[in-house]
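Student: Below is one structure. I have some questions about it.
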Amino acid sequence: MITRRGMMCGVAAGGLTLALARFSLAGNRLDFSLPELPYAADGLEPFIDAETMSIHHGRHHKAYVDNLVKALTAEAPDWLNKPIEEVVVNYQQLPESIRTAVRNNGGGHYNHSLFWTMMAPAGHTGSPSDELQRAIEAAFENIDEFKKAFAAKAVGQFGSGWGWLVLDRDKKLSLVGTPNQDNPVTDGLIPLLGIDVWEHAYYLKYQNKRADYIQAWFNVINWNRVNELYSAAIS
Ligand code: MN
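Under my numbering, the first residue of the sequence shown carries the number 20, and numbering increases by one thereafter.
This is the structure we're talking about:
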């Protein structure tokens, strides 16, 4: 049965709904619970330390999930049956009393669920596929220039937020920053790679040296995952 709200969501999201259907997290429909890390908490050492990983995942991400579920349960329990992508895209249709909570915590849950899969331990990171490599060269000349531009975008994100490589509406690669837990998906862009630049992502090991964290993070990019997202996004 198609509800009025369901129809409204479909209209609002337009073609994006179809694009996102192919773009599931870790190959599974993301539900409203904390996903397991795809590696041990110390799996990204020495670049990302185990203590940061366990606090980031077990406390910060968990809080986003708990607060998202609490808000939706109170005011829009039917939304707990939607894919998280639709919640993130359509949050402005929610009652005003929970809109900000869902924007922040739904975005937090979505962003972090992606983020864990976009990193991998040494030996499991892979490298850009031929098609992704060509797209990177078309947009940034080469991988080193891409890293420079990506780092500049992430360093330049004022305060808390994220730096992203996305596929834009013209099916081209570009870089965007989002504040807080906002996500490119809400703006109709498809995230391919994202770095969390909230201080909770790096402060224990890198303190105020965000640029050093980003340089270290380049060593744990899960290119296999980025290839998969890129391939799904352009097909
Ligand atoms: Mn975070």
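Where a beta carbon is used, it is the ideal one built from N, C-alpha and C, also for glycine.
Three-state secondary structure (DSSP) at Pro-147?
Tutor: Coil, per DSSP.
Student: What I want to know is whether the C-beta of Asp-163 ends up closer than 8 Å to one or more non-hydrogen atoms of ligand 1.
Tutor: Flag unset: Cβ of Asp-163 not near ligand 1.
Student: Going by DSSP in three states, Leu-223 sits in which element: helix, strand or coil?
Tutor: Three-state DSSP puts Leu-223 in a helix.
Student: Between the region 139 to 147 and the region 199 to 219, are three or more C-beta pairs nearer than 8 Å?
Tutor: No, the region 139 to 147 is not in contact with the region 199 to 219.
Student: Could you spell out the range, first to last residue, of the alpha helix (DSSP H) harbouring Ile-233?
Tutor: Start and end: 229 to 236.
Student: Given 8 Å as the limit, tell me if Gly-127 has its C-beta closer than that to any heavy atom belonging to ligand 1.
Tutor: It does: the Cβ of Gly-127 is within 8 Å (strictly closer) of some heavy atom of ligand 1.
Student: Report all residues from its chain with a CB closer than 6 Å to the CB of Ala-252; omit the five preceding and five following residues, and keep chain order.
Tutor: Closer than 6 Å at Cβ, skipping near neighbours: Leu-186 and Ile-209.
Student: Is Ala-220 near ligand 1, judged by its Cβ being under 8 Å from some heavy atom?
Tutor: Indeed, a heavy atom of ligand 1 lies less than 8 Å from the Cβ.
Student: Can you tell me whether Pro-203 is helix, strand or coil according to DSSP?
Tutor: It is helical.
Student: Got a sec, what are the start and stop residues for the beta strand (DSSP E) Leu-211 sits in?
Tutor: Note, Leu-211: beta strand (DSSP E), 209 to 215.
Student: Ligand 1 and Trp-217: does any heavy atom of the ligand fall closer than 8 Å to the residue's C-beta?
Tutor: Yes; taking the cut-off as 8 Å, the Cβ of Trp-217 has a heavy atom of ligand 1 nearer than that.
Student: Ends of the alpha helix (DSSP H) at Leu-248?
Tutor: Taken as a continuous stretch (DSSP letters only), the alpha helix (DSSP H) holding Leu-248 covers 242 to 253.
Student: Under a three-way DSSP split, which group does Val-239 fall into?
Tutor: Val-239 falls in the helix class under three-state DSSP.
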